[in-house]
Each structure stands twice: as C-alpha cells, then as structure tokens.
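Each residue of the sequence shown is one higher than the one before, counting from 2 in the working numbering.
Every residue gets a Cβ at the ideal spot worked out from N, C-alpha and C, and that includes glycine.
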Amino acid sequence: MAINIPKLILSVGVCLGAGVLGSIFTISSIPTWYATLNKPFFSPPNWIFGPVWTILYILMGVSLYLVWIKNPSTSLRTRVPTVFWIQLILNALWSIIFFGWKNPVLALVDILALWVAIFLTIKAFSKISKPAGNLLIPYLAWVTFASFLNLAIVLLNP
2 MAINIPKLIL
12 SVGVCLGAGV
22 LGSIFTISSI
32 PTWYATLNKP
42 FFSPPNWIFG
52 PVWTILYILM
62 GVSLYLVWIK
72 NPSTSLRTRV
82 PTVFWIQLIL
92 NALWSIIFFG
102 WKNPVLALVD
112 ILALWVAIFL
122 TIKAFSKISK
132 PAGNLLIPYL
142 AWVTFASFLN
152 LAIVLLNP
C-alpha cells in the first residue's frame, strides 16, 4: 500500500501541534517556577522531556494515520476519533494546568484522565490496526511514569 504523504503529514502535524501548544506554557516555567519545586529522586533531567515528547507525538501521529487510512466500520469510525481527540486535548491541557496555572494537583487529575483516555485509544485503535495500537504503548508507559512524577511533586510540595 502506498503511503498517503499529505494524510501522514497532517496526522503527525496535528499531534506535534498539541506538543507545541503545551510547550508555550512549559518553556518559561521550567527555569523559574519548576526549578523551585521539590522533585523526587527519579525525576529525569529537564533536557530529556523535549526529545521524549517529540518522539511520542510522532508515534501518535503515525498511529492516527494508520487508523485514518483503514476505513473502519461506522461505529468505530465515530468512536475512535472521539477518544483520540479527548486524549490529545487532555495532553495539551496538562501542560497548561501544570506549568501555566502552576497547579500540580489539578494537573494530577488531568493526567489520570489522560492515562484512561490513552488506554481506551489503544484498545479502540487496536481493533482497527494492531500496529496503530502498539505505537501508542510507549506513550502510555511514559504517561504512567509522568503520573508518578506528578504525584510525587504534589506530595513533596504541600
């Protein structure tokens, strides 16, 4: 099957766009507010987040592309994009809440909802394209780690 370059670029671009939106709120807060927070021993260095998220947004975009080109049944077609868009919105909202609003508690609520939405997206995408679902597993793993990091920050910064 030939790759539909415009659909692939749009799929990846939409996901990277969510990352860019989140980074608008993140960049200025890292050297200022975030630097003042107590962080757990397992907190990675700040420089790692950009490359990891870039890779995850690309994987997310390729996953979306694989589902988009599959022509799923009507019920899946209406359900899958909804759960995907919900997780993408929750993803962008996390950066706004955590870094923009400086509210780790509300961000924890958001990231837990995000985890559920990613899990449901993996299940839904896997019914249409197994590779599409599998491409989201690293994303779920990273958000699992990020959830523990968020929780630790809440607990260490009462």
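For the pair Thr27 and Ala125, the Cα-to-Cα distance works out to about 30 Å.
The segment 110–128 and the segment 37–49 do not touch, with fewer than three beta-carbon pairs separated by less than 8 Å. Collapsing the DSSP output to three states places Met61 in a helix. DSSP places Pro139 inside the alpha helix (DSSP H), whose first and last residues are Ile138 to Leu157.
Between Ala147 and Ile112, the beta carbon gap of about 6 Å places them in contact (Cβ cut-off 8 Å). Around the CB of Ser12, 16 or more other CB atoms lie within 10 Å, so the residue is classed as buried. A straight-line Cα-Cα distance of about 21 Å links Leu65 and Thr145. Phe43 carries a coil assignment under DSSP once its states are collapsed to helix, strand and coil.
One Cα belongs to Leu157, the other to Ile4, and the distance between them is close to 48 Å. Leaving aside the five residues that flank Leu22 on each side, the residues in its chain whose CB is nearer than 6 Å to its CB run, in chain order, Ala93. Following the DSSP letters along the chain, one finds Trp116 inside the alpha helix (DSSP H) bounded by residues Pro105 to Ile129. Looking only at Asn151, Ile97 and Gly134, the smallest Cα-Cα distance to Ser30 is reached by Ile97. The residue from Ile154, Pro139, Phe149 and Leu152 with its alpha-carbon nearest to that of Val53 is Pro139. Cβ neighbours of Leu57 within its own chain (closer than 8 Å, five residues either side excluded): Pro139, Tyr140 and Trp143. Taking C-beta atoms as the reference points, Leu9 and Leu60 fail to come closer than 8 Å.
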